[in-house]
Amino acid sequence: MGTVTVTLVATAVVVVATGIVMVALAMAVVMVAINTVMVAINTVVVAIDMVMVVMVATVMVTVATGIIMMTLVATAVVVVAVGIVMVALAMGVVVVAIDTVMVAIDMVMVAVGMVMVALAMAVVMVATDMLLVATDMLLVATVTLALAMVMLALGGGWPMGWPRWPRPRSWSRSRSRSRPRSWSRSWSRSWSRSRPRSWSRSWSRSRPRSQSRSWSRSWPRSRWPRSLSRCQR
1 MGTVTVTLVA TAVVVVATGI VMVALAMAVV MVAINTVMVA INTVVVAIDM
51 VMVVMVATVM VTVATGIIMM TLVATAVVVV AVGIVMVALA MGVVVVAIDT
101 VMVAIDMVMV AVGMVMVALA MAVVMVATDM LLVATDMLLV ATVTLALAMV
151 MLALGGGWPM GWPRWPRPRS WSRSRSRSRP RSWSRSWSRS WSRSRPRSWS
201 RSWSRSRPRS QSRSWSRSWP RSRWPRSLSR CQR
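Using UniProt numbering, the letters of the sequence shown correspond one by one to residues 1 to 233.
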């Protein structure tokens, strides 16, 4: 009985040990399966993380590229703005140069206009002076003619002496022959009758005798015209 009991106990112990080993093996298999699943999950997570890293890197590259493009665009804009400013300055310089040339031309035109006005004024002044000189000469000629007529009317003769023209003798002879003596006599009689005696007397009294004698002596008889009478001489 004791042997049977020991055998049963030993068999029970072996069975229990085998069950424990089987449980342990089953638990090990389960743990391996769980670990396999966890590794798979971790692999998927790692893959997702890698994808996310790649996407983040792509986004960062895109952002960097955008920043570079923006920098290039900003540089291009600055360059264009500087070019526009330089063109504007160049155009301003050209416009200022053109305005300076136009102002210089206007100044030259104004100077030419002033010279023309001055010349016109000088011409007007010269014309005015010539007109005044002509007027003075006309007045002098009129006064001289009036004085000569007065002297001839008073019987004193020409104030500066009778001029002697180089006229031919035939002209004087033909003129004396063509003029009748009755015309000169009638003209002298009518002029002596029309002239009042008081006027001739007052003029003869106002003239000193010494002046008339000295003036008559200074002129020889050869210069007196033949048409004058002795009283007129």
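Just so you know, even glycine gets a beta-carbon here, dropped at the ideal spot from N, CA and C.
Residue interval of the alpha helix (DSSP H) (run including residue i)
i, result
"residue 66", "2-154"
Same chain, Cβ closer than 6 Å to residue i, five either side skipped, listed in chain order
i, result
"residue 237", "No information on residue 237 is available, as it lies outside the stretch 1 to 233 that the chain covers here."
"residue 142", "none"
Other residues of its chain near residue i: CB distance less than 8 Å, five sequence neighbours each side excluded
i, result
"residue 18", "none"
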